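Here's the structure, in C-alpha cells; my notes come after.
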Amino acid sequence: MRDHGRETLAVLIGLAFLLALPFLAEAAGKGFYVTLFTRILIFGLAAVSLDLILGYGGMVSFGHAAFVGVGAYAVGILSWHVFDGSPLMTWPVTLEGTENAFVVWPLAMLMGGLFALVIGAISLRTTGISFIMITLAFAQMLFYLAIGLRKYGGEDGIALYNKSQLVPPIDLFDRTTFYYVCLGLLVAFLAVCRRLTRSRFGMAVQGARINERRMKALGFSPYRYKLTAFVISGAGAGLSGALLANAAEFVGPAYMSWQRSGELIVMVVLGGMGTLFGPVAGAAAFLLLEEWLADLTEHWQIILGPILLFVVVFARRGLWGWVAGQGREDR
Amino acid sequence: MLETRDLYKHFGGLVATDHVSLSIREGELHAVIGPNGAGKTTLIAQLAGELRPDGGAILFDGKDVTRTPVQRRAASGLARSFQITSVFPSFSALANVALAVQAHAGHSFRFWRRAAHDAALTGPARDALELVGLGSRAEVPAELLSHGEQRQLEIAMALATRPRMLLLDEPMAGMGPAEGASMVDLLRKLKGRYTILLIEHDMDAVFALADWITVLVHGAVIATGTPEEIRYDAEVRRAYLGEETV
Amino acid sequence: MTLLLLIEQGLNGLQLGVMLFLMAAGLTLVFGIMDMINLAHGSFYMVGAYLTATFAPVFDSFALAVLAALPLAALVGMAVEVVALRTLYRREHLDQVLATFGLILFFNELVRIVWGPQPIFLQPPSWLAGTVEIIPGVPYPAFRLAIIAVGLAVAVFLYLLITRTRTGMLIRAGASNREMLGALGVDVKRLYTLVFGLGAALAALAGAMAGPVLAVQVGMGESVLILTFVVIVIGGLGSVRGALVGALLVGMVDTLARALLPTVLRTMMPPSQADGMGASLASMTIYILMAAVLAWKPRGLFPAHA
C-alpha cells in the first residue's frame, strides 16, 4: 500500500534538483530560471501552509492570500519607514522602520498568525459553504483595507527600496543567494510541518477532518485545534509573504486578491492534498504551466480554466500521488 | 450514577422522549429496549449531549449536565459507542484507539513528538484492543476490518477514554450469530467494571446480561424492573414482547 | 441639507440592495437546494451586461436589449449546469470551488477575446436618462429609480412564484429538505436546471441594469459576487427572504458608510486623513456587519435548514 521507498526517492531527487538548479540555469545561460524557481519555492511555502488546514484539517479556506499579503505588507511598511525616515509609531512607544530580516520576517509570521486568529475565530464558527464564503469575504476586506492604505501607496502599493538584511556576507540582492535562503526556509518549514502533522496535535486536527462528531464523543474540542492549525497556517503564509515582497521588491493589494487565494488552492489540489511535498510540486506545476501557456497565447486563461475542471473531475490524487505512488499521508 | 428527570424532547409534532425518568446505579448494566421508533437513539443522543432536551434534566454523578456540551460530558467520563459504526476509516485500528487515549490524556497541544511512537498512547491503546479481542489486528486500517471487528473497535475506543460509564447504542447491530456471541462475552467481561447503559434489539442478549431493564414505547417508559419482572409484565408482553414470545 | 443627502444616499443604498438581491436570490437557492457552491454566478452577471451592451445599439432600445439578453443568459446558465456542474453536486465543496474557479477564468478570458479588454459604457434609455424630483428640491436619476422598481417587482414575482406555484413549492421543499424531493418523485434534474437558469437570468438582469451605472468590463462579476456572498451569509443559506433582508441591509450599510464616515471623521481629524481613513473604514463596514451577525447567529438571520 504505502511505498515509503518510492516517496523518499522522489523527495531526494526533487531536493537534489532544487539544490543544483542555480548551477544548471547559470551554466545554460538562463539565469531567469533562478528567479522563476525562487517564486516556485515561495508559493510552494504558501501552498504547504494552506495544505495544513485544507488537506490535513479539511478547512476549505478561500482567503489564504490575505495572510500572504499581510506578511508582505509587514515587510513593505517597515521598509517604507526606513526609506522615509519617519517612525512607524510614536505612541505608546516609538518604533522605527527596519529592514533587519531577523526582526521583519518573524514579525511577518506573527502578523499573519494574528490576522488568522481573528478571522479564524469567527469563520470556524461555521462549516461548509458558509466557511468558504466567509474566508473569501474577510480576505476581500483586507484587500480593500490595503487599497485604503493611501500612505503606503494605496492601490499602487509600495516599491521596496531595499531588501531585508540578513547577516553581512549574505546579500539577498544576489539572486542565487536569495534562492538558497528561500529553499532553506521551505525545507525547514516542511520539517516543522512533518513533525506537526504526526504529533498529537496533528492527529487531533486530522481526526476533526475525518469525523468531527466522533471526536466530540471522545471528548475532544475540535474548535480550538482547528483554530490553532489556522493560526499556524496563517503564520506560514506570512513568512511566504515576507519572501514574496523581497523577491518582487514590491508589495501591493494584488497579493491579497481572491484570484491569488484561488490559485493557492489549485496548487494544493494539483499537487496532492494532505501530503507534505505535494503542494510544492503543485506550485511548480502551476507556475510552470502558467509560464508556458502565457508564452503560447495571450489568452492563456481560457486554456487554464478547462484544465482546472479536468483536474477536478479526473485527477483527484494529485501529482504527488502519481510521482510518489502515494496520496494522503493517512492512507 | 446517571439520572434523568422528566426528560422531554419533540420533533415538530412527534414526541420522541416523553417525560422519561431513569435512574442508573453505579456498577449496574441497565438495558433500554423498545420497538423501532421508540426513541432509544434519541434518548442516548440526549444523554451524550448531541441533542438538547426540550424539558427535564440529566444528572451525571449528581451534577446537572443537561446543558453541558458533548465533549465536556465525554471528558468527564461518559463514553458512547455509535449505532452506525463511527470510526476513522483511514487510520489503523491502533491509531483509532490511540486517538481515544489521547482524548483523555489532557490537552493535545503537543506539537513535536510523533503520536504513533508515543508509548503513553499506544500502550493503553494496545491494552484496549487486546481486551476487545482485536490485539492481532492493531495495524490494519479500520476500513479494512470486518463489520464485527469495527463494532469491537467502537467499544475499544469508548473504553480507551477511561470512562466511568458506557452508553452503548446497539453494539450487536448487523452482527452474525458467532460475532454476536463474542460481543456478549465481551459485554459480560465489562459488566461490573463499568456502569453501562445498553440499547439492544437482541432480547436473548439483553435478558442474559441486564441487571435492570427499562421498556420504551413511543418515547415513554411503560415498564422498568428486573429481567424477571419485565419478562412477566403483562403490558410489556402486550405492547412489545408479545409477538416474539407467543 | 443633511436630510436631503440622507434621502439621496438612502435611495442609492436601496438601489444597491435590490441589485444584490437579484444576484443573491438565485445563488442562495442553488446553495440551499443543491448544496453547491458556484463561484461562476458572477459570470452570468457579466454576460448579462455584455449581451445588453451588444444588443442595445442593434435594437436601438435598452429595454429590448435586456429582454433579449435575459433568455440568452438563462440558456448559458442552463448549458453550464448541464455540461459542467451537474456532475459536481455530489462532490465535495472543494471540487465545486475549483471547477467553478476554472469556469470564471474561462468566461473572463472568453469575454476578453470577444469584446476586448476595454470597458464599454452603456447609455441608459433616453426616457430614463434624466432626473426626477422625488421631493421638491431633490433631483434623483430616473434610471436608478427604475432599477429600484424593477428589483422590487422581481422580489414580488419571486414571492408569488415561491409561495403560489407548484414549482415554487418544490423549490421551498428542496431548500429545507433535499432528500424529500427525490422521495416525492420529482424530476430533480429538471428542477435543478430550471433553478439554475432562473438564477442566471436574475444575475444577468442585475448585470444589465448595472451597465449604465458602472462600466461594463471583465471582472465586474467577481466584485459583486463577493458582496453577494456576504449577503447570503448574513441572510442565511437557502433563504430567499434572508437574501432580501441581507441585500437591503448590505446595500444600505455600505452606501451610508461610504457617504457618511468621511464626514463624521472630518470632525475629528484633518480632512485628507479623514477621507482616506473614512474610505478605508467604509469598505470594511459590511464585513464587520457580517462578523457581528455571525457572532450572534452563526447560521445567518433566516437559516433555511432547520
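Residue numbers (my numbering), protein chains in the order written: chain A, 414 to 744; chain B, 206 to 451; chain C, 14 to 319. In this text, a Cβ means the ideal position worked out from N, Cα and C, and glycines have one as well. Note that the structure is predicted; figures quoted are calculated from it, not measured.
Discussion item. Can you pull out the residues from the segment 96-121 of chain C whose beta carbon lies closer than 7 Å to at least one beta carbon of chain A?
Written reply: Ala97, Thr100, His106, Leu107, Asp108, Val110, Leu111, Ala112, Phe114, Gly115, Leu116, Leu118, Phe119 and Asn121
Discussion item. My parser needs the alpha helix (DSSP H) runs of 4 or more residues fully inside the segment 436-479 of chain A; what are they?
Written reply: 445-464
Discussion item. What are the residues in the segment 589-612 of chain A lying within 8 Å of chain B by C-beta distance?
Written reply: Arg608, Leu609, Arg611 and Ser612
Worksheet entry | Residue span of the beta strand (DSSP E) that contains Asp374 of chain B, given as start and end | Taking the first residue of the second sequence as 1, we reach residue 374 of chain B at position 169. From DSSP, the beta strand (DSSP E) with Asp374 of chain B extends over Met370 to Asp374.
Fill in: chain C contact for Val473 of chain A (CB, 8 Å cutoff)
What you label residue 473 of chain A is simply residue 60 of the first sequence in a count that begins at 1. Yes, Val473 of chain A lies at the interface with chain C (some Cβ there is under 8 Å from its Cβ).
Worksheet entry | 7 Å CB neighbourhood of Ala378 of chain B in its chain, flanking five on each side removed | For the purposes of this step, residue 378 of chain B is taken as the residue at position 173 of the second sequence. Within the same chain, Ala378 of chain B has close Cβ partners Gln288.
Fill in: Option nearest Phe727 of chain A by Cα separation, candidates A:Ala696, A:Val682 and A:Ala697
By 1-based counting over the first sequence, the position of residue 727 of chain A is 314. Comparing Cα-Cα distances from Phe727 of chain A to each of A:Ala696, A:Val682 and A:Ala697, the minimum goes to A:Val682.
Worksheet item: Who are the near neighbours of Ala415 of chain B in its chain, counting only those whose CB is closer than 8 Å to its CB and skipping five residues on each side?
Response: For this step, residue 415 of chain B is matched to residue 210 along the second sequence. If we look at Ala415 of chain B and ignore the five residues flanking it on each side, its Cβ neighbours are Leu234, His235, Ala236, Leu403 and Pro432.
Worksheet item: When DSSP labels each residue in this structure, what does Ile404 of chain B get in the three-state scheme?
Response: Position 199 of the second sequence holds residue 404 of chain B. Here Ile404 of chain B sits in strand by DSSP.
Practice prompt. May I ask you to list, following chain order, the residues of the segment 552-566 of chain A that have a beta carbon less than 8 Å from some beta carbon of chain C?
Written response: Gln553, Met554, Tyr557, Leu558, Ile560, Gly561, Leu562, Arg563 and Lys564
Discussion item. Extract the residue ranges of the beta strand (DSSP E) inside the segment 122-162 of chain C, only unbroken runs of 3 or more that lie entirely within it.
Written reply: 144-148 and 151-154
Fill in: Test item: CB-CB of Gln28 of chain C and Ile161 of chain C under 8 Å
The residue given as residue 28 of chain C occupies position 15 in the third sequence. The residue given as residue 161 of chain C occupies position 148 in the third sequence. A contact, by the Cβ cut-off of 8 Å.
Practice prompt. For the beta strand (DSSP E) holding Trp417 of chain B, just list the boundary residues, first then last.
Written response: As a first step, residue 417 of chain B must be located in the second sequence, where it is residue number 212. Here the beta strand (DSSP E) through Trp417 of chain B covers Trp417 to Val422.
Discussion item. Can you confirm whether the segment 515-528 of chain A touches the segment 631-638 of chain A when touching is taken to mean that 3 or more C-beta pairs between the two stretches lie within less than 8 Å?
Written reply: no
Worksheet item: Do you know how far the Cα of Ala365 of chain B is from the Cα of Ala321 of chain B?
Response: Translated into positions along the second sequence, residue 321 of chain B becomes position 116. Translated into positions along the second sequence, residue 365 of chain B becomes position 160. If I take the Cα positions, the gap works out to 16 Å.
Item to complete: Taking Val726 of chain A as the query, report the chain C residues whose CB atoms sit under 7 Å from its CB, ordered along the chain.
Response: Taking the first residue of the first sequence as position 1, residue 726 of chain A is located at position 313. Those within 7 Å of Val726 of chain A in chain C are Thr100.
Worksheet item: Can you list, in chain order, the residues of the segment 318-330 of chain B whose Cβ is nearer than 8 Å to any Cβ on chain A?
Response: Arg318, Arg319, Ala320, Ala321, Asp323 and Leu326
Practice prompt. Identify the continuous alpha helix (DSSP H) that holds Glu208 of chain B and give its terminal residues.
Written response: Residue numbering aside, residue 208 of chain B sits at position 3 when the second sequence is read from its first letter. No alpha helix (DSSP H) holds Glu208 of chain B; the beta strand (DSSP E) holding it covers Leu207 to Phe216.
Item to complete: Assign Asn241 of chain B to one of three DSSP states: helix, strand, or coil.
Response: Here residue 241 of chain B refers to the residue found at position 36 when the second sequence is read from its first residue. Three-state result, Asn241 of chain B: coil.
Worksheet entry | DSSP-derived helix/strand/coil call for Ser750 of chain A | Shown here, chain A extends from 414 to 744; a query on residue 750 of chain A therefore has no answer.
Worksheet entry | Beta-carbon neighbours of Arg626 of chain A, restricted to chain D and to distances below 8 Å | Protein chains A, B and C are contained in the structure displayed, whereas chain D is not.
Worksheet item: Among A:Gly675, A:Thr710, A:Gly687 and A:Met616, which one has its Cα closest to the Cα of Phe699 of chain A?
Response: Numbered from 1 along the first sequence, position 286 holds the residue referred to as residue 699 of chain A. Comparing Cα-Cα distances from Phe699 of chain A to each of A:Gly675, A:Thr710, A:Gly687 and A:Met616, the minimum goes to A:Gly675.
Item to complete: Note down, in chain order, every chain A residue with its Cβ under 7 Å from the Cβ of Gly255 of chain C.
Response: On the third sequence, residue 255 of chain C is found 242 positions in, with the first residue counted as 1. Correct list: empty, because the minimum Cβ distance to chain A is about 12 Å.
Worksheet item: How do the segment 656-670 of chain A and the segment 341-355 of chain B stand: do at least 3 beta-carbon pairs fall below 8 Å, yes or no?
Response: no
Worksheet entry | Same chain only: Cβ atoms within 8 Å of Gly150 of chain C, ignoring 5 sequence neighbours per side | Within the third sequence, numbered from 1, the residue matching residue 150 of chain C stands at position 137. Excluding positions up to five away in sequence, the list reads Leu17.
Worksheet item: Between Phe316 of chain B and chain A, is there a C-beta pair that is closer than 8 Å?
Response: Along the second sequence, one-based indexing puts residue 316 of chain B at 111. Closer than 8 Å to some Cβ of chain A, the Cβ of Phe316 of chain B qualifies, so yes.
Discussion item. Could you give the first and the last residue of the continuous alpha helix (DSSP H) run that contains His54 of chain C?
Written reply: Along the third sequence, read from residue 1 onward, the residue named residue 54 of chain C stands at position 41. Here the alpha helix (DSSP H) through His54 of chain C covers His54 to Phe72.
Worksheet item: So, do the segment 457-471 of chain A and the segment 709-718 of chain A have three or more beta carbon pairs nearer to each other than 8 Å?
Response: no
Discussion item. If we define contact as Cβ-Cβ less than 8 Å, is Gly23 of chain C a contact residue for chain A?
Written reply: Numbered from its first residue, the third sequence carries residue 23 of chain C at position 10. No, its Cβ sits nowhere closer than 8 Å to a Cβ of chain A.
Worksheet item: Any contact of the segment 368-385 of chain B with the segment 210-219 of chain B, i.e. 3+ C-beta pairs under 8 Å?
Response: no
Worksheet item: Grouping DSSP H, G and I as helix and E and B as strand, with all else coil, what is Arg607 of chain A?
Response: Here the question's residue 607 of chain A lines up with position 194 in the first sequence. Helix at Arg607 of chain A.
Worksheet item: Considering only residues of the segment 266-293 of chain B, which uninterrupted beta strand (DSSP E) runs meet the minimum length of 3 residues and lie entirely inside it, listed in chain order?
Response: 283-286
Worksheet item: Of the residues that make up the segment 284-306 of chain C, which ones have a beta carbon closer than 7 Å to any beta carbon in chain A?
Response: Gly289, Ala292, Ser293, Ser296, Met297, Tyr300, Met303 and Ala304
Worksheet item: Any beta-carbon of chain A closer than 8 Å to the one on Gln307 of chain B?
Response: Residue numbering aside, residue 307 of chain B sits at position 102 when the second sequence is read from its first letter. Judged by the 8 Å Cβ criterion, Gln307 of chain B is in contact with chain A.
Worksheet item: At a CB-CB cut-off below 8 Å, which residues of chain A make contact with Ala383 of chain B?
Response: Mapped onto the second sequence, residue 383 of chain B falls at position 178. Within 8 Å Cβ-Cβ: nothing; Ala383 of chain B doesn't reach chain A, min ~27 Å.
Worksheet item: Does any heavy atom of the ligand PLP sit closer than 7 Å to the C-beta of Ile720 of chain A?
Response: What this structure holds is no ligand at all, so the ligand PLP is not there to describe.
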